[in-house]
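First comes the structure, then the notes that go with it.
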Amino acid sequence: IRKYVTIVSLEQCQRYKDDFNAEYEEYRNLHGEVEKITESFRRLGEQRKSLTPGSEAYQVKKDKTVKVVFHHRRII
């Protein structure tokens, strides 16, 4: 299903631009949130790599990662 077909008029072009502009800010906001979440997981993963699996510190970091996942699931 294609929402947009080949542009054949200036009016149609303007409608496409208006649609894009109406949704672009929301896209940028969502993109920013995804970037923050990605960076958070990257940092948690790097921190966990330096810990010994099975250690208390490892388990604490793992639990924090799970909490972050559930927090972000509620947002998304």
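For what it's worth, UniProt numbering labels the leading residue of the sequence shown as 1, then goes sequentially.
Yeah, the Cβ is synthetic: ideal placement off N, Cα and C, and Gly gets one too.
V68 sits close to L44, with the two beta carbons spaced by under 8 Å.
DSSP places V8 in no alpha helix (DSSP H); its state is neither H nor E. In the three-state reduction of the DSSP assignment, S50 falls in the coil class. A22 and Y4 have their alpha carbons spaced roughly 15 Å apart.
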